[in-house]
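As structure tokens, the structure follows; a few thoughts come after it.
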Amino acid sequence: MIVEKIKCTGCGACVNICPKDCIKLEQDKEGFLYPKIDEEKCINCGLCRKICPSINYKEQAKTKERFKEPVVMAAFTNQNLIRLDSTSGGIFTELAKVFLNENEYVCGAIYDENWLVKHIVTNKLEDLEKLRSSKYLQSRTEFTFQEIKEKLNEGKKVFVCGTPCQISGLYAYLGNDYDNLITCDFICRGVNSPKIFLGYIENLQKKWNSKIKNIKFKNKTKGWHNFSTKIDFENGKTYIGSRYTDSYMVGYLNYNCFIRPCCYECQYKELPRVADITLADFWGIELISPEMDNDTGTSLVLLNSKKGYELFNKIKSFITYKESSIKDAMKGNACLFNSVEKKENRDKVFENIDKYSYEKLSKCFFPKPTGIKFIKLKLRLYIIELKKRVKVVLKK
Ligand SMILES: Cc1cc2nc3c(=O)[nH]c(=O)nc-3n(C[C@H](O)[C@H](O)[C@H](O)COP(=O)(O)OP(=O)(O)OC[C@H]3O[C@@H](n4cnc5c(N)ncnc54)[C@H](O)[C@@H]3O)c2cc1C
């Protein structure tokens, strides 16, 4: 074992660093990947433990040059179609374009042929559409850290976007920062089990009697604030579920019941952040700067280093932005400094994952709010929204 299972993020730094190629990631019962060492091939060099960010992050973080407090921006791309197609304000796409337009490299997450998620390294502009958008399940980093190092050593520029633990894993593997590397993480609620996600999409495919053609979380047809999931099927039909009616979103947002164990005690909920730039949804922007919100997505951007600040300067002519503060950013985004709470239903979900169908798991352990519960929830949200609007009017 490299690190206690509960602390392992599955970042893949150990797999990438092993000189004997004797560490593989294997899926556990919950569907998350954990390193397994082939003891026969292992030469006990200790490199995997020496670099593991789950053991050494605090020490490793001291070597990075980061602002004490980030420069905080609310921002969105001026290209409406890209804004609509992105999870928040489309800032990832604008940042990635800086690199792809110059034949430099971007590393980010895409869906694979089975609708699971993996990271790729690419210099092709046509891959940008696949890279765009949040995929709310854990992505596999595979051997991308090795690929990134190769490109960096060739003098290529590389822009890498992933969860804070993946970015930390990359730095741990590289051993030091590179001038030609820029990293981007996001405020992360936690990564969900790929096994649960497969259950969810198989269930939908059965119900709609068709294979899936496209998945879009936080689709904006019904507004960014609505957290809609839109799934297009090959038979031409379309499913749209909101944060109250889509079982996967209900399980993720209301019950936190299928995220990776380490996410309940995430060590990256602090400033300075691990990456040069941090992206997120700017929840609450309608109260702070109502002119920056038209319900099609506004990004919160934290510029954590000089490199991050300089990259943001390069996209300023393609975006609308307004400087804000960390105090305002915190108000709507609890996950900036806090891990989500583990509730009792999580254990029940995974105790029964191989016994129950996805449908039964969701009905028993992460049921959609219905009847009075649903009305109460809607009413509560309506009152919160109303209070916010009144506050804005009074402020004026
Ligand atoms: C699992 C997860 C949890 C999140 N939790 C929060 C939260 O609690 N609060 C909040 O404000 N924002 C959260 N976000 C971030 C938010 O959803 C947006 O991704 C972010 O605001 C950037 O939006 P964008 O429009 O600029 O770019 P987008 O086009 O949405 O960004 C796309 C890029 O994000 C990265 N990415 C997408 N999915 C994954 C994945 N599964 N693993 C690793 N990297 C991925 C990829 O590199 C991808 O290329 C989360 C994102 C993910 C993936």
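Residue numbering for the sequence shown is 283 to 678, as defined by our numbering. Idealized CB from N, CA, C, for every residue including glycine.
The straight-line gap separating the alpha-carbon atoms of residue 357 and residue 319 is approximately 44 Å.
Residue 428 is not a Cβ neighbour of residue 473, given a cutoff of 7 Å. Bounds of the beta strand (DSSP E) holding residue 511 are 510-515. Between the beta-carbon of residue 611 and that of residue 582 there is about 5 Å, and that keeps the pair under the 8 Å contact cut. Placement of the Cβ of residue 617 at a distance of less than 6 Å from at least one heavy atom of ligand 1 is found.
Only residues of its own chain outside the window of five on either side were considered, and among them 400 have a CB closer than 6 Å to the CB of residue 394, listed in chain order. Under the three-state reduction of DSSP output, residue 668 falls in the helix class. As DSSP reads the structure, residue 393 sits in a beta bridge with 399.
Short of 6 Å from the beta carbon of residue 520, and not among the five residues preceding or following it, lie these beta carbons of its own chain, in chain order: 514. Take residue 387, set aside five residues on each side of it, and the residues of its chain with a beta-carbon closer than 6 Å to its own are 403, 405, 433, 438, 440, in chain order. Taking residue 309 as reference, the option from 317, 578, 619 with the minimal CA-CA separation is 317. Ligand 1 approaches residue 444 closely enough that one of its heavy atoms is under 6 Å from the residue's Cβ. Distance from the C-beta of residue 594 to the nearest heavy atom of ligand 1 is not below 6 Å.
By alpha-carbon distance to residue 475, the top candidate from 625, 623, 292, 550 is 292. When secondary structure is reduced to three states using DSSP, residue 422 falls in the strand class. DSSP places residue 450 in the helix class (H, G or I) of the three-state scheme. The continuous alpha helix (DSSP H) containing residue 531 extends over residues 529-535. Around the beta-carbon of residue 283, fewer than 16 other beta-carbon atoms lie within 10 Å, marking it exposed. Contact between residue 647 and residue 360 does not hold, since the beta-carbon distance rounds to 43 Å and is not under 8 Å. When DSSP states are grouped into helix, strand and coil, residue 585 belongs to the strand group.
Rounded to the nearest whole angstrom, the C-alpha separation of residue 333 and residue 522 is 43 Å.
Rounded to whole angstroms, residue 643 and residue 458 show a C-alpha spacing of 44 Å. By the beta-carbon neighbour count (other beta carbons within 10 angstroms, threshold 16), residue 376 is buried. According to DSSP, residue pairing for residue 359 in a beta bridge involves 601. Assignment of beta-bridge partners to residue 306 by DSSP yields 318. Beyond the five residues adjoining it in sequence on each side, residue 338 comes within less than 8 Å, by CB distance, of 332, 454 in the same chain, given in chain order. Residue 369 holds the alpha-carbon nearest to the alpha-carbon of residue 579 among 511, 531, 345, 369.
As the crow flies, the alpha-carbon of residue 479 is around 12 Å from that of residue 641. Relative to ligand 1, residue 450 has its C-beta separated by 6 Å or more from all heavy atoms.
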